[in-house]
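Chains as they are written, first to last, in my numbering: chain A, 1 to 238; chain B, 239 to 476.
What follows is one structure encoded as structure tokens, with my remarks underneath.
There are 2 protein chains.
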Amino acid sequence: MSQKRATAPDRTPSSNPAVPTGSLVETAYRTLRQRVIDNAWPPGYRALEQELALELGMSRTPLREALVRLQNEGLVEVIPRHGMRVLPVSADDMRDIYQMLTALEAMAAELAARRRLTRAQLKPLLDAAAATEHALNAEDLDAWASADESFHRNLVELSGNRLLVEVARNCADRAHRARAVTLRMRPKPTHSTREHMDVVEKIRAGDARAAFDAQRAHRERGTRELLAILEYHQLKTL
Amino acid sequence: MSQKRATAPDRTPSSNPAVPTGSLVETAYRTLRQRVIDNAWPPGYRALEQELALELGMSRTPLREALVRLQNEGLVEVIPRHGMRVLPVSADDMRDIYQMLTALEAMAAELAARRRLTRAQLKPLLDAAAATEHALNAEDLDAWASADESFHRNLVELSGNRLLVEVARNCADRAHRARAVTLRMRPKPTHSTREHMDVVEKIRAGDARAAFDAQRAHRERGTRELLAILEYHQLKTL
DNA sequence: GTGTACGTTTATGTATACGTTATTACCGCC
DNA sequence: GGCGGTAATAACGTATACATAAACGTACAC
Chain A
1 MSQKRATAPD
11 RTPSSNPAVP
21 TGSLVETAYR
31 TLRQRVIDNA
41 WPPGYRALEQ
51 ELALELGMSR
61 TPLREALVRL
71 QNEGLVEVIP
81 RHGMRVLPVS
91 ADDMRDIYQM
101 LTALEAMAAE
111 LAARRRLTRA
121 QLKPLLDAAA
131 ATEHALNAED
141 LDAWASADES
151 FHRNLVELSG
161 NRLLVEVARN
171 CADRAHRARA
181 VTLRMRPKPT
191 HSTREHMDVV
201 EKIRAGDARA
211 AFDAQRAHRE
221 RGTRELLAIL
231 EYHQLKTL
Chain B
239 MSQKRATAPD
249 RTPSSNPAVP
259 TGSLVETAYR
269 TLRQRVIDNA
279 WPPGYRALEQ
289 ELALELGMSR
299 TPLREALVRL
309 QNEGLVEVIP
319 RHGMRVLPVS
329 ADDMRDIYQM
339 LTALEAMAAE
349 LAARRRLTRA
359 QLKPLLDAAA
369 ATEHALNAED
379 LDAWASADES
389 FHRNLVELSG
399 NRLLVEVARN
409 CADRAHRARA
419 VTLRMRPKPT
429 HSTREHMDVV
439 EKIRAGDARA
449 AFDAQRAHRE
459 RGTRELLAIL
469 EYHQLKTL
């Protein structure tokens, strides 16, 4: 994975254009974040501030502020005189991220179960779990991945803990690229899909301990699976 | 808790002067962060960018960058035309933070126990636990609080998970003021101190499950205690 | 061919300027 | 006194300028 500069010929502004928001900082932040997460920029990719600012049609000032935010979120690093660099994610990083998600989501499942949620409150989670099942049946891996993300996002939101939601989102962002790259290297996600329904059922039943255990087991199995893939394919950085 | 402006007469630059670092951003970041965490600035406190920049002897540019970082860390909010405001921490926030710390530190204890640490590696944690004991015996609450922080910091560092360390540090930062304010409102921390030793022993023995349970129980009891204090004293924001 | 020295270029970190608009102060009226 | 309208002020968000020093390219010596 060699480092690429912003002058790489396959990069044009139109491939991920800035979508205007209320502020230039926000525009830059969202645009750049998207590029990192969706692998439009590969790991290690570099670009200078002035180049990015020109491309996004703004001065360096808001662009820098966006980069500071992205750096705080662990998605890029800002290197003096070398601009920004997309932070590669190593296998160790993935282990760390997955350990975090395991702890956070197990806690989220427990908190959700304790809250005695209504059918309406549980619906988005149930819908997401059902969507993973439909996608699996239709053998549509991309739809499955999207539904999987939705499941996990909805799960942490049901915890009612804002900080947990925020941190889990950042963990998911950091892992997103690796998830996408390895999506077709893994066995069919039969276990995952079944485990989703299991977690939902435990939450619905208000069984906090069982919900915790179910979600935790789900993430632990997923962690083992992913780390095995990274090792087997000798994927050092993603 | 009324809002105070930067012109409050009891604030002078010398009470928490900027300590020069390699960059002005870093100087501002550390100075301001310290003021928030140590309650030099109370919850809700406001200050304008230009005022802070003047006080710290720099232009608004690096000052803004420092504020962006602090906002990302949940310590302040930046309000257009009103400058920055120290984010008050509500009882709900404290519940969220403690739930996070419970999940993260229990996981840290488990990971630490799994790593089969040497005596040398365990020493900082053991020393910190011993320090809480000594401070308790000497009836020195401030020393106890400091040792307690050291214990928790060392615990998460033993997890070997960098992301966990980073997130736990931020949770501790957010909770720091509330911890300090409530330090003398709680019973003598006899349980805490005994629990520290219990956790250390489980980690030393390499019993991951027991370490997880011990640290989790420790944090859960502490959570209940703190939330009860906040309710009893009608502390709405800290 | 390799290493070093030197001059030039360039990408920052920071300061300052500028345009916009939210906020505040003031005034008149009821 | 309270309310509404208007003008002035101020605090941004952003653009531009500037100083610094890192990085690069070239020439020369061994």
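Idealized CB from N, CA, C, for every residue including glycine.
Between residue i and residue j, how many whole angstroms is the CB-CB distance? I'm expecting something under 8 Å.
i, j, result
"A:L37", "A:R177", "Residue identity differs from the one stated: residue 37 of chain A is Ile in this sequence, not Leu. Confirmed, about 7 Å."
"A:L75", "A:D173", "6 Å"
"A:M107", "A:L164", "7 Å"
"B:T340", "B:R454", "6 Å"
"B:A262", "B:M296", "The sequence shown places Leu at residue 262 of chain B, rather than the Ala named in the question. That pair is a contact at about 5 Å."
"A:E113", "A:D207", "Looking at the sequence itself, residue 113 of chain A is Ala, so the reference to Glu does not match. Contact holds; Cβ gap of about 6 Å."
"A:E156", "B:V405", "For clarity, residue 156 of chain A is Val in the given sequence; the question names Glu instead. Contact doesn't hold; Cβ gap of about 14 Å is too wide."
"A:R60", "A:Q50", "6 Å"
"B:G398", "B:R353", "6 Å"
So who's on the other strand from residue i, going by DSSP bridges?
i, result
"B:V314", "B:V324"
"B:T475", "B:S328"
"A:R46", "A:R85"
Considering only their Cβ atoms, is the gap separating residue j from residue i smaller than 8 Å?
i, j, result
"A:I203", "A:L104", "no"
"A:A211", "A:A109", "yes"
"A:I97", "A:A180", "no"
"B:S328", "B:T475", "yes"
"A:H196", "A:T132", "yes"
"A:L70", "A:R33", "yes"
"A:P20", "A:T27", "yes"
"B:E315", "B:M322", "yes"
"B:L290", "B:A256", "no"
"A:T193", "A:L230", "no"
"B:N408", "B:P362", "no"
Determine which residues of the region 84-104 of chain A have a Cβ less than 9 Å from any Cβ of chain B, and write them out in chain order. Answer set for the region 84-104 of chain A: D92, D93, R95, D96, I97, Q99, M100, T102, A103, L104.
Assess, as a yes-or-no matter, whether the region 33-53 of chain A is touched by the region 135-148 of chain A under the definition of 3 or more beta carbon pairs within less than 8 Å. No contact exists between the region 135-148 of chain A and the region 33-53 of chain A.
May I ask you to list, following chain order, the residues of the region 391-403 of chain B that have a beta carbon less than 9 Å from some beta carbon of chain A? Close to chain A, meaning a Cβ-Cβ distance shorter than 9 Å, are the following residues of the region 391-403 of chain B: S397, G398, N399, R400, L401, L402.
Contact residues within the region 111-127 of chain A, judged by C-beta distance below 9 Å to chain B: So the list reads L111, given in the order they occur along the chain.
Check whether the region 220-236 of chain A and the region 125-133 of chain A are in contact - that is, three or more C-beta pairs closer than 8 Å. Contact fails: fewer than three Cβ-Cβ distances are below 8 Å.
For the region 67-85 of chain A, list every residue whose C-beta sits within 7 Å of some C-beta in chain B, in sequence order. Identification of residues in the region 67-85 of chain A having a C-beta nearer than 7 Å to some C-beta of chain B yields V68, R69, N72, given in sequence order.
Do the region 55-68 of chain A and the region 177-191 of chain A make contact, defined as three or more Cβ pairs closer than 8 Å? The region 55-68 of chain A makes no contact with the region 177-191 of chain A, as fewer than three CB pairs between them are under 8 Å.
For the region 283-307 of chain B, which residues have a beta carbon sitting closer than 7 Å to at least one beta carbon of chain A? Cβ contacts with chain A: E303, V306, R307.
Got a sec: which bits of the region 428-448 of chain B sit with their beta carbon under 8 Å from any beta carbon on chain A, in order along the chain? Of all residues in the region 428-448 of chain B, none has a Cβ within less than 8 Å of some Cβ in chain A.
Taking a Cβ distance cut-off of 9 Å, strictly less, list which residues of the region 165-191 of chain A are near chain B, in chain order. Correct list: E166, V167, N170, C171, R174.
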